[in-house]
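Here the sequence shown stands for residues 2 to 84, numbered as in the working numbering.
Written out below as structure tokens is the structure these notes cover.
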Amino acid sequence: SLGAAQALVARETEQLQLRTLDLTERLYRGGRGTERDVQQARVLLEQTRAQAPGFEAERRASLAALAVLTGLAPAQLDLDAQR
Numbered sequence: 002s003l004g005a006a007q008a009l010v011a012r013e014t015e016q017l018q019l020r021t022l023d024l025t026e027r028l029y030r031g032g033r034g035t036e037r038d039v040q041q042a043r044v045l046l047e048q049t050r051a052q053a054p055g056f057e058a059e060r061r062a063s064l065a066a067l068a069v070l071t072g073l074a075p076a077q078l079d080l081d082a083q084r
């Protein structure tokens, strides 16, 4: 489902932003970056983290709506969507 795909992308993006922040901090400590670079990487990470719960809520709402339409349990639909 679209919500599940968005949640997955948000989680993957969060991991990439976390790695970017780590690398940016290392460069800064090594004298090859600025404090502004570190702050910008931190802001991007926090923005990504703030979006993830919304995508997860959309995914759960979509599963609930599909469950009503199909008569299947949301957990069963979630398993089917992961295949």
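Using N, Cα and C, we set each Cβ at its ideal position, and we do this for glycine too.
Just so you know, these numbers come straight off a predicted model, no measurement behind them.
- In the DSSP assignment, residue 49 falls within the alpha helix (DSSP H) that extends over 36-71.
- The residue among 54, 42, 71 with its C-alpha nearest the C-alpha of residue 26 is 42.
- When rounded, the separation of the alpha-carbon atoms in residue 75 and residue 28 is 46 Å.
- Across the set 34, 68, 33, 48, the C-alpha of 48 shows the shortest separation from the C-alpha of residue 14.
- In this structure residue 64 does not touch residue 45 by the C-beta definition: roughly 29 Å separates them, more than the 8 Å allowed.
- CA-CA distance, residue 62 to residue 50, rounds to 20 Å.
- Taken atom to atom, the span from the alpha-carbon of residue 30 to that of residue 40 is near 13 Å.
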